[in-house]
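Structure first, commentary second.
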Amino acid sequence: MLNVVATLVDEAKFNIKEDGISLRAVDPAHVAMIDLSLKSSAFDSYKATESEFGIDITKMIDVLKLAKPNDIISITHDEEKNKLILKIANITRSMALVDTTGMVEPKVPNLSLPAKVVISTVELIQGIRASEAVSDHITLSTTPDGFELESEGDTDAVNLKLTKDLLTELKCKENVKSLFSLDYFSNMIKSAANEKTVTMNLGTDFPVKIEFNIANDNGEVHYLLAPRIESE
Amino acid sequence: MLNVVATLVDEAKFNIKEDGISLRAVDPAHVAMIDLSLKSSAFDSYKATESEFGIDITKMIDVLKLAKPNDIISITHDEEKNKLILKIANITRSMALVDTTGMVEPKVPNLSLPAKVVISTVELIQGIRASEAVSDHITLSTTPDGFELESEGDTDAVNLKLTKDLLTELKCKENVKSLFSLDYFSNMIKSAANEKTVTMNLGTDFPVKIEFNIANDNGEVHYLLAPRIESE
Amino acid sequence: MLNVVATLVDEAKFNIKEDGISLRAVDPAHVAMIDLSLKSSAFDSYKATESEFGIDITKMIDVLKLAKPNDIISITHDEEKNKLILKIANITRSMALVDTTGMVEPKVPNLSLPAKVVISTVELIQGIRASEAVSDHITLSTTPDGFELESEGDTDAVNLKLTKDLLTELKCKENVKSLFSLDYFSNMIKSAANEKTVTMNLGTDFPVKIEFNIANDNGEVHYLLAPRIESE
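Chains as they are written, first to last, in our numbering: chain A, 15 to 246; chain B, 15 to 246; chain C, 15 to 246.
This is the structure in structure tokens:
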């Protein structure tokens with residue numbers, strides 16, 4: 015969950031509820047948004063009342079790396095000192111919370127994206143890696159017959175074409191096509207590297223909505239990435 | 015043995031005797047001391063008369079890395095040219111000795127350290143790694159009930175607490191507590207990473223004495239690390 | 015094949031014929047030459063008419079790294095656009111060819127090298143690694159009894175001595191000895207790291223000819239490295 019959030023922001027406000035944790039954030043350049051939720055069932059044991067925590071994501075990831083494979087990690091909130099208390103094996107680590115006053119929660123825009131494609135993460139990452147040598151933009155397009163990722167450099171080009179039978183799912187009535195920053199798209203998809211597939215919703219010159227599950231289907235990630243408009 | 019010595023000095027004087035090798039050195043800042051011995055039984059075959067060799071530790075470690083897992087390494091002294099001759103597989107490597115005239119052998123101070131703790135190296139290293147993100151100092155303390163490693167930063171803190179039952183051995187009648195440079199302590203303990211446990215002797219505002227065996231118990235390492243006095 | 019070529023040049027002209035591919039190039043400093051051939055039998059399927067391609071070796075190596083272990087790679091020439099089209103899994107990668115007008119094909123000199131030694135690549139690489147810490151030159155010599163690699167620094171020295179019984183083959187009637195740049199020699203031999211043995215032909219103050227097979231014996235590499243004349 016933290017690795018996914020880290021693709022967009024260094025610090026974030028986590029909303030704690032009785033049945034789980036959620037988070038909504040935009041990156042500093044306002045190009046991408048993340049909307050993430052993790053059910054209490056993702057934890058061995060979970061007990062919480064409604065609250066908000068500002069967390070330094072990078073620091074938290076480093077602290078959790080201390081855990082050995084079978085270590086159980088406990089996280090509690092010391093209300094008096096307003097710190098997180100992490101217990102990993104015999105170590106107690108107290109961590110200051112980050113001020114959340116400046117962190118505005120973005121509204122998820124109401125988008126109608128006509129095409130939907132469910133695609134193998136491995137295929138997509140191979141296409142991204144090929145594109146990274148060629149350009150810093152990619153075009154994503156779907157037709158009723160398949161999905162295409164294209165990247166055009168000055169002399170070289172990359173094309174990943176997956177016909178309908180090579181996709182897990184394809185819903186597309188009319189052709190759609192949008193251009194995106196490869197850097198953002200790459201970070202988002204690579205954060206899903208452990209998941210078998212990702213779902214993308216696409217339109218023409220519209221944002222792409224990327225969705226996948228985390229934590230053994232106990233959590234959901236929704237990314238939204240703004241398109242770049244091709245200059246002629 | 016060389017990796018242990020390399021935590022404190024780049025060059026060192028090795029004392030060769032008929033029954034083994036020993037070495038005593040302080041680091042350039044005079045904060046830490048090492049007193050190391052290796053019995054002749056650590057070698058497949060050993061034959062020596064009393065002598066002293068100045069050795070460039072870093073270079074020697076690099077040369078020994080040439081050996082493949084089953085290669086036998088032979089080290090002899092070419093008295094005429096005053097060089098070490100290392101044979102590894104079919105390679106003969108001659109290596110100049112380092113001048114030992116400037117290398118004074120430190121005296122091991124006679125310390126009476128009231129507390130003794132034998133502790134799992136893995137636990138200790140996990141505590142060190144946690145502390146490194148928080149401060150460059152650590153406090154080591156023992157009570158009759160257990161051992162504690164603490165590190166305090168401006169906003170964050172780390173505490174590794176091992177009660178008596180989690181320690182291999184604990185001898186402590188009264189509470190003791192000293193502050194140390196984390197950097198030195200970390201290098202010393204990490205050089206023992208392959209050993210199951212290390213022994214520490216502690217006092218209040220006194221040096222810590224760290225002891226562990228090397229080379230399948232054919233060698234012994236004694237480190238001494240000066241305390242830092244907490245400024246109020 | 016590309017990793018071998020990359021030891022000497024960044025770009026090269028590949029000669030395509032009906033029965034295979036060949037290449038001849040010298041490094042920018044004109045110290046070393048490569049003469050390489052790869053039979054059509056090295057490919058799952060091969061169809062070509064006579065032609066010449068200028069290829070950016072580094073870029074091509076990067077593109078081929080996209081392939082997963084069982085991916086089949088197809089390379090075709092788009093004559094109209096004068097580009098190479100690489101297909102790896104579902105990815106199509108088009109790659110501009112490099113202008114070959116400046117690339118002169120070197121003539122392979124007619125050398126009579128009296129000594130021949132076939133030697134284990136692993137042994138040779140161990141000797142090279144040992145030498146790299148000592149000097150940037152090595153002497154290669156053979157006698158009717160064996161092969162020797164020597165490297166002399168100011169205070170340290172390395173000697174790898176392989177008697178006839180430790181060599182796969184040795185043909186040598188009179189003693190020969192030449193000095194070479196270690197850097198070039200190292201890169202050449204390391205590019206043969208996957209092959210069991212390499213063949214070297216040697217003379218006195220003459221180039222060394224290094225030969226080994228690649229691609230399951232479907233290809234041959236011939237390197238020629240100029241000697242350095244020892245200054246007295």
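Idealized CB from N, CA, C, for every residue including glycine.
Each of C:E183, C:D24 and C:L238 was checked against the Cα of C:D76, and the nearest Cα belongs to C:D24. Residue-level contact by beta carbon holds for B:E137 and chain A, with a gap shorter than 8 Å. For A:T72, the enclosing alpha helix (DSSP H) covers residues I71 to L78. For C:F194, there is no enclosing alpha helix (DSSP H); the enclosing beta strand (DSSP E) covers residues V190 to S195. Cβ-Cβ distances below 6 Å link C:D70 to E25 and V112 in the same chain, with the five nearest sequence neighbours on each side left out; the list follows chain order.
By the CB criterion at 8 Å, A:V190 and A:V172 fall outside the cutoff. Around the beta carbon of B:I105, 16 or more other beta carbons sit within 10 angstroms, so the residue counts as buried. With the rule of 3 Cβ pairs closer than 8 Å, the stretch 157-168 of chain A does not count as touching the stretch 72-92 of chain A. By the criterion of a C-beta distance shorter than 7 Å, B:Y198 is surrounded in its chain by V45, A46 and L239, once the five residues flanking it on both sides are discounted.
B:M109 reaches chain C at D170, counting residues in chain order whose Cβ is nearer than 7 Å. In this structure, the beta-carbon distance from B:I139 to B:I203 falls below 8 Å. When 7 Å is used as the limit between beta carbons, C:A20 is near no residue of chain A, the shortest such separation being about 16 Å. Annotation: the continuous beta strand (DSSP E) that includes C:N29 extends over E25 to K31. Shown here, A:G68 sits in a strand according to DSSP, grouped into three states. With contacts defined by Cβ atoms closer than 8 Å, B:L80 and B:I99 do not form a contacting pair. Counting only Cβ-Cβ distances below 8 Å, A:A147 has contacts in chain C at K73, D76 and V77, in chain order. If you look at C:L52, you'll find it in the beta strand (DSSP E) that goes A46 to K53. CA-to-CA, the gap between B:S59 and B:T177 works out to about 44 Å. The beta carbons of B:I30 and B:A62 sit closer together than 8 Å. Assigned with DSSP and collapsed to three states, B:I243 falls in coil, not helix or strand. About 24 Å separates the beta carbon of C:P128 from that of C:V40, a gap too long to meet the 8 Å contact definition. DSSP links A:G34 through a beta bridge to A:K31 and A:K53. Burial of B:S205 is indicated by the presence of at least 16 other C-beta atoms within 10 angstroms of its C-beta. In its chain, beyond the 5 residues on either side, D49 have a beta carbon closer than 6 Å to the beta carbon of A:V122.
As computed with DSSP, A:I86 is found in no beta bridge at all.
Neighbours of C:N104 in chain A, taken as residues at a C-beta separation under 7 Å, are given in chain order as E137, L174, K175, L176 and L180. When A:P83, A:D33 and A:V118 are compared, the shortest CA-CA separation from A:G68 is found for A:V118.
Beyond the five residues adjoining it in sequence on each side, B:K185 comes within less than 8 Å, by CB distance, of A129, K130 and V131 in the same chain, given in chain order. Annotation: Cβ neighbours of B:L80 in chain C (cutoff 8 Å, chain order): Q140, R143 and A144. Within the same chain, Cβ atoms closer than 8 Å to the Cβ of A:E66 are found at K27, F28, N29, I30 and T114, the five residues on either side in sequence being excluded.
Closest in C-alpha terms to C:S134, from the list C:Y237, C:L22 and C:M214, comes C:M214.
For the pair C:K187 and C:T218, the Cα-to-Cα distance works out to about 13 Å. Separation of A:N208 and A:E146 (C-alpha to C-alpha, rounded to the nearest whole angstrom) is 21 Å.
Within the stretch 98-175 of chain A, the complete beta strand (DSSP E) segments at least 3 residues long are 105-110, 129-134, 151-157 and 160-166, listed from N- to C-terminus.
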